[in-house]
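A.B. asks:
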Amino acid sequence: MEDDAPVIYGLEFQPCSVRAPQARALSAQTAETDAIRFLVGTQSLKFDNQIHIIDFDDENNIINKNVLLHQAGEIWHIGASPADKAVLTTCYNKTCDSRVVSCAAVWRMPSDWETGSHESPDDTAHNPQTLELLCHLNDSAHGNAACVLWEPMGDGKRVISLADNHALLWDLQESSTQAVVSNTATLEGKGQLKFTSGKWSPHHNCSQLATANDTAIRGWDLRTMSQIYCIENAHGQLVRDLDFNPNRQYYLASCGDDCKVKFWDVRNIQEPVKSLEEHSHWVWSVRYNHSHDQLVLTASSDSRLILSNMVSISSEPFGHLVDDEELSEGEDNHQDDKGKEPLKDSVVSTYEEHEDSVYAAEWSSADPWLFASLSYDGRLVINRVPRALKYRILL
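For the sequence shown, our numbering gives the first residue as 1, with consecutive numbering after it.
The structure is reproduced here in structure tokens:
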């Protein structure tokens, strides 16, 4: 069934609860390219926290779910292994000696999770299964974990954790049951500097990392763990999220508490290449489409999700694939060659199905035209790129 109407799912605790859990952690299941599947982590102080495995049946336009217990604590970040669809990482809060500590760990779903709580949200006799802990990614010397990043397109053996002012490169060994720090980088400067988020670049043989702290964006060479660029005041307020263009190796998107989304060419960091000011509150998430990099999702605590068509800075600004060198040689020639006016940058759709802050948005790994968004009240909404734009891009 192909329809532009959204499909909405509200998280509920197993076996049942009066209200939906709060949530802000969302990930597409990267290693799953056949099924449309997303992972959601809950934040609850009263109940055991959970991973909701959301499967979308595109033909019948329905959502199926499974629930796994995450008893370690409330989940702030979730990441799916690019190589093993049963493995994931979480960053979570736990109370230790009356202090709240942020930890990170690698988990495996039980082998028979699909026979677990499938489509039984109201079955009070049913007990969800529990995630299997593979290893912790905690180094007591390196503070509170903010996020864990998997090596893009890797074999699931390397992750980076950002903890306070440290970036730790981990090697996962013994089927991910052991984790060894192979290298570290430290954020240095005045005050208590802390990483807020980061993104592992899929380009340059996966040897580069971008991080956000306060209003700054920094690039790192993972071979030497040294800083290679710094955009000092990338945003007027805190930078919340980053994403690399999957097709243009020097292009990076950022968003922040100044309500703006910015696009950078990291070879020339004096000014952003483009800037969007469509949101009216903090922008928490920015995501490039994996296949069609002109499509960009942004999620904000103005309760809105916005899909933008940033065609002028995409790898197909003239309807065909070009590289950075071609673009720098002169865009006018390509315009003449194509014989038709290229698409203009525009807001494609503004989605207002959420009633609370939208903390995360992710594209499906299995269907490039489908995406999910998650708001703090536990509402997950699945939407599709409008058909008219889809066919214009394809044709």
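Note that beta-carbon positions come from the ideal geometry of N, C-alpha and C, so glycine has one too.
For the ligand ADP, I want to know if serine 44 counts as a neighbour, meaning its beta carbon is within less than 6 Å of at least one of the ligand's heavy atoms.
C.D. replies: Summarising the ligand content, the structure contains no ligands, and the ligand ADP is consequently not present.
A.B. asks: What number of angstroms, rounded off, separates the C-alpha of alanine 167 from the C-alpha of serine 312?
C.D. replies: In a straight line, the C-alpha of alanine 167 is about 33 Å away from that of serine 312.
A.B. asks: Using a Cβ-Cβ cutoff of less than 7 Å, which residues in the same chain neighbour isoleucine 8 once the five nearest sequence positions on both sides are dropped?
C.D. replies: So the list reads Glu353, Arg379, Val381, once near-sequence residues are dropped.
A.B. asks: Between phenylalanine 244 and valine 266, what straight-line distance do the alpha-carbon atoms span, to the nearest angstrom?
C.D. replies: One C-alpha to the other measures close to 11 Å.
A.B. asks: Which two residues bound the contiguous alpha helix (DSSP H) that contains tyrosine 391?
C.D. replies: Per DSSP, tyrosine 391 belongs to the alpha helix (DSSP H) from 387–394.
A.B. asks: Do valine 148 and serine 161 have their C-beta atoms within less than 7 Å of each other?
C.D. replies: Contact: yes.
A.B. asks: Tell me which residues share the same chain as serine 349 and place their Cβ nearer than 7 Å to its Cβ, disregarding the 5 neighbours each side in the sequence.
C.D. replies: The residues are Leu307, Pro386.
A.B. asks: How far does the beta strand (DSSP E) with glutamate 411 in it extend, from its first residue to its last?
C.D. replies: The structure shown does not extend to residue 411, since the chain is modelled only from 1 to 395, so the question has no answer here.
A.B. asks: For glycine 191, count neighbouring C-beta atoms within 10 Å of its own C-beta (all shown protein chains included) and say buried if the count is 16 or more, exposed if not.
C.D. replies: The residue is exposed, with fewer than 16 neighbouring Cβ atoms inside 10 Å.
A.B. asks: Under the three-state reduction of DSSP, which class applies to glutamate 331: helix, strand or coil?
C.D. replies: Caution is warranted here: a pLDDT of 49 is assigned to glutamate 331, below 50, making its placement in the model unreliable, and no coordinate value can be reported.
A.B. asks: In angstroms with no decimal places, state the Cα-to-Cα distance between serine 182 and serine 301.
C.D. replies: Rounded to whole angstroms, serine 182 to serine 301 spans 37 Å at the Cα level.
A.B. asks: Once the 5 residues before and after histidine 136 are set aside, which same chain residues still bring their CB inside 6 Å of it?
C.D. replies: Closer than 6 Å at Cβ, skipping near neighbours: Ala105.
A.B. asks: Just to confirm the assignment: which complete beta strand (DSSP E) runs, minimum length 3, are found wholly within the segment 26–109?
C.D. replies: The segment 26–109 contains these whole beta strand (DSSP E) runs: 36–43, 49–57, 62–70, 74–80, 87–96, 99–108.
A.B. asks: DSSP three-state call for aspartate 241: helix, strand or coil?
C.D. replies: Strand.
A.B. asks: Could you give the distance in angstroms between the alpha-carbon of proline 110 and the alpha-carbon of glycine 198?
C.D. replies: If you take the alpha carbons of proline 110 and glycine 198, they lie about 29 Å apart.
A.B. asks: My output table needs one value for tryptophan 150: the three-state DSSP class, helix, strand or coil.
C.D. replies: Note: tryptophan 150 maps to strand in three-state DSSP.
A.B. asks: Can you check DSSP and say which residues form a bridge with histidine 166?
C.D. replies: Its beta-bridge partners are Ala163, Thr186.
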